[in-house]
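What follows is a set of notes on a single structure, which appears directly below.
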Amino acid sequence: ETGVTQSPTHLIKTRGQQVTLRCSSQSGHNTVSWYQQALGQGPQFIFQYYREEENGRGNFPPRFSGLQFPNYSSELNVNALELDDSALYLCASSPRAGGAFFGQGTRLTVV
Amino acid sequence: KQEVTQIPAALSVPEGENLVLNCSFTDSAIYNLQWFRQDPGKGLTSLLLIQSSQREQTSGRLNASLDKSSGRSTLYIAASQPGDSATYLCAVDNNDMRFGAGTRLTVKP
């Protein structure tokens, strides 16, 4: 059974650019969630996808968008990057029984 | 809106001590509560998951309790080791996961 994997592990982008982060869910998990973690803080919920539909969203602007694919992998897209978007982005997949299992994260730096 | 608070924010103990980390939450209508460990710059490793119908879970030297009515959970670590040094996060799930800011634990040899 493979765990949750995210790519890339590190990324540097310029303010105003767009970025796509990717996540492969753990086998058998059909729910995926994305979180933003600023330094020294707990993760903040961005949104959740269940069976390719958005199933909940946190307090993030529309320039944060996502997709879930039929194989339950997922993408997080951020448009018009701002300096404050610099953070660790975490993906988690969840089984039907509940709980969340996280990937190693993508460190995004916006300069 | 669910608020999750973890106390203390940081803790330093000598090796071998037993210790308790605290987590409180404001909305008791949760599906489950989960404790995680995070090493610097890394992802989250799940330690224990307590379903809303359960009172506690144990794994090795770790024991987590849940009291939904009072909105509290504790993570007990027995016989702490330097390898336990990390940030410990609790998260409650009521449709989306809300995290505390974490407790940064240092275990000194």
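Those protein sequences? They're chains A and B, same order as listed. My numbering applies: residue 133 is where the first sequence begins, and numbers increase by one. My numbering applies: residue 1361 is where the second sequence begins, and numbers increase by one. Yeah, the Cβ is synthetic: ideal placement off N, Cα and C, and Gly gets one too.
Min CB distance residue i to chain B below 8 Å
i: Q73 of chain A; result: Residue 73 of chain A lies beyond the range of chain A shown here (133 to 243); nothing can be said about it.
i: G190 of chain A; result: yes
i: A232 of chain A; result: yes
i: L143 of chain A; result: no
i: R239 of chain A; result: yes
Residue i at chain A interface by Cβ criterion, 8 Å
i: Q1411 of chain B; result: yes
i: D1453 of chain B; result: yes
i: L1422 of chain B; result: no
i: S1372 of chain B; result: no
i: G1431 of chain B; result: no
i: R1415 of chain B; result: no
Own chain residues within Cβ distance below 7 Å of residue i, not counting five before or after
i: A212 of chain A; result: G148 and R195
i: P1368 of chain B; result: T1463
Residues near residue i by beta carbon distance below 6 Å, same chain, minus five either side
i: F154 of chain A; result: The displayed chain sequence assigns Arg, not Phe, to residue 154 of chain A. So the list reads S139 and E207, once near-sequence residues are dropped.
Beta carbons nearer than 9 Å to chain A: which residues of the region 1385-1404 of chain B have them? Y1391, N1392, Q1394, F1396, Q1398, G1401, K1402, G1403 and L1404
Is there contact here, the region 216-234 of chain A with the region 159-171 of chain A, by at least three beta-carbon pairs under 8 Å? yes
Residues in the region 160-194 of chain A having any Cβ partner in chain B nearer than 9 Å: S165, Y167, Q169, G172, Q173, G174, P175, Q176, F177, F179, Q180, N187, G188, R189 and G190
Is the region 1397-1409 of chain B touching the region 1368-1385 of chain B in the sense that three or more CB pairs, one from each, lie closer than 8 Å? no
Under 8 Å: do the region 204-214 of chain A and the region 1368-1377 of chain B share three or more Cβ pairs, one atom per stretch? no
So, do the region 141-155 of chain A and the region 224-243 of chain A have three or more beta carbon pairs nearer to each other than 8 Å? yes
Taking only beta carbons into account, state which residues of the region 1430-1450 of chain B come closer than 7 Å to chain A, listed in chain order. Here the close residues are L1449.
Below 8 Å, how does it come out for the region 178-185 of chain A and the region 1409-1418 of chain B: are there three or more Cβ pairs, yes or no? no
Using a beta-carbon distance cut-off of less than 8 Å, what residues from the region 197-228 of chain A approach chain B? L220, L222 and A224
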